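Worksheet: one structure, shown below.
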Amino acid sequence: MDKPLTGKVALVTGGSRGLGAATVRLLAAQGADVAFTYVSSDEKARAVVEEVRGTGAKVVAVRSDQADMSRAPALIDDVVARFGGLDILVNNAAISPEQGRTVDDPDADTAALDRMHATNYLGVIAVIRAASRVMRAGGRIITVSSGLGTRVGIPGLADYSATKAGVERYTMGVARDLGSRGITANVVEAGLMEGGMEPPDPETLKAILGSLSLQRVGRPEEIAAAIAFLASPAASYVTGAVLDAHGGYNA
Ligand SMILES: NC(=O)c1ccc[n+]([C@@H]2O[C@H](COP(=O)([O-])OP(=O)(O)OC[C@H]3O[C@@H](n4cnc5c(N)ncnc54)[C@H](OP(=O)(O)O)[C@@H]3O)[C@@H](O)[C@H]2O)c1
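Take a look at the structure:
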């Protein structure tokens with residue numbers, strides 16, 4: 591396999607499972623040294639590390655809570671100390687609690703929603719700020735959003751959608767701020783995936799799938815491929831872009 595990312599150092603947030611794990615595998619297969627974060631799944635993180643090391647690639651897992659903004663500088667320092675620099679940041683870690691609860695629902699767990707805002711929005715900003723200070727020329731920042739970042743489409747997802755729209759706009763600002771250093775910043779809007787976050791209830795799921803051009807859920811590997819493209823030398827002139835990998839939710 592061609593290894594276009596040889597010599598590059600990547601950090602993938604939330605790499606212990608789902609799309610993050612698929613991205614860790616793919617970037618490592620393409621030659622990058624990869625660090626990834628997680629928050630609680632020690633065993634899953636260890637399994638991803640063992641599997642990827644088995645291919646001969648360099649990979650480390652770092653337990654680091656993205657909801658705590660103060661952790662970000664130490665996380666980036668850790669990656670640089672282990673691998674000597676940073677070239678690619680994939681902002682993937684996110685949560686989606688309380689799906690289906692409308693904003694006027696008195697039983698909504700607002701503390702869980704607040705933690706989501708801290709994880710999906712403020713935590714992403716903290717990691718981008720810390721990473722951008724050390725990222726080398728030619729660097730890549732790729733933020734994983736959702737089709738819901740552009741169009742909410744269904745009730746019960748106001749908070750989640752707002753976090754995704756927020757990080758999308760932030761990433762556009764990052765593209766403007768870091769372009770003069772040769773660093774690109776782009777968004778991948780993912781769609782419903784096999785084996786990822788808890789899916790919506792069956793009726794909502796059916797409605798969403800029916801509205802997709804491709805009429806099916808995606809595989810994490812299909813979305814990781816879009817991320818890997820933006821990380822690759824082939825995407826050197828792509829910045830401030832949103833790449834839709836959601837089966838045609840907005841088509
Ligand atoms: N799944 C979908 O259908 C779908 C659809 C559209 C967009 N997306 C987006 O795609 C991305 C990946 O989703 P996924 O379904 O693959 O997620 P997932 O399977 O639920 O995995 C989430 C990952 O994020 C980590 N994480 C969660 N909270 C964290 C925190 N506070 N600090 C550090 N790491 C944390 C988890 O670590 P632990 O294992 O330790 O908990 C795990 O590695 C997310 O940005 C999501 O919004 C997903």
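Heads up, the sequence shown is in the working numbering, so the first residue is 591 and it goes up one at a time. Built from N, CA and C at the ideal position, the CB exists for glycine as well. In this text the structure is predicted, and so the values were computed from the model without any measurement.
- In the structure shown, the three-state DSSP call for D677 is coil.
- In chain order, Y750 and M787 place their CB closer than 6 Å to the CB of S686, counting only its own chain and leaving out the 5 sequence neighbours on each side.
- Cβ-Cβ distances below 7 Å link L609 to N682, V734, A780, M783, G786, P810, I813 and A814 in the same chain, with the five nearest sequence neighbours on each side left out; the list follows chain order.
- Per DSSP, the continuous beta strand (DSSP E) segment holding A651 begins and ends at V649 to R653.
- For ligand 1, a non-hydrogen atom lies closer than 7 Å to the CB of S630.
- With a cutoff of 7 Å, P810 counts as near ligand 1, since its C-beta is closer than that to a heavy atom of the ligand.
- Exclusion of V669 from the 7 Å shell around ligand 1 follows from its C-beta lying no nearer than that to any non-hydrogen atom of the ligand.
- In the DSSP assignment, S751 falls within the unbroken alpha helix (DSSP H) covering A748 to L768.
- Nearest in C-alpha terms to T627, of all of P790, A662 and D695, is A662.
- CA-CA distance, R607 to A618, rounds to 15 Å.
- In the displayed model, N682 falls within coil according to three-state DSSP, outside both helix and strand.
- At a threshold of 7 Å, D749 does not count as near ligand 1, since its beta carbon sits no closer than that to any of the ligand's heavy atoms.
- The residues S606 and R607, in chain order, have a CB closer than 6 Å to that of K634 in the same chain once the five nearest residues on each side in sequence are set aside.
- Under DSSP, Y628 forms a beta bridge with R653.
- Ligand 1 has a heavy atom closer than 7 Å to the beta-carbon of A683.
- Beta-carbon to beta-carbon, L676 and V724 are separated by about 6 Å, close enough to satisfy the 8 Å threshold.
- Within 10 angstroms of the beta-carbon of L795 lie fewer than 16 other beta-carbons, which makes it exposed.
- Secondary structure note for V724: it is in no beta strand (DSSP E), and the uninterrupted alpha helix (DSSP H) holding it is G713 to V724.
- Each residue's CA atom was taken as its position, placing T753 and T613 some 21 Å apart.
- Taking the Cα positions, L703 is about 7 Å away from E688.
- Rounded to whole angstroms, I744 and L802 show a C-alpha spacing of 13 Å.
- According to the DSSP secondary-structure assignment, T733 is paired through a beta bridge with N681 and V777.
- Inter-residue distance for V649 and A600 is about 9 Å (C-alpha atoms, whole angstroms).
- Burial is judged here by how many other beta carbons sit within 10 angstroms of a residue's own beta carbon; V693 has fewer than 16 and is exposed.
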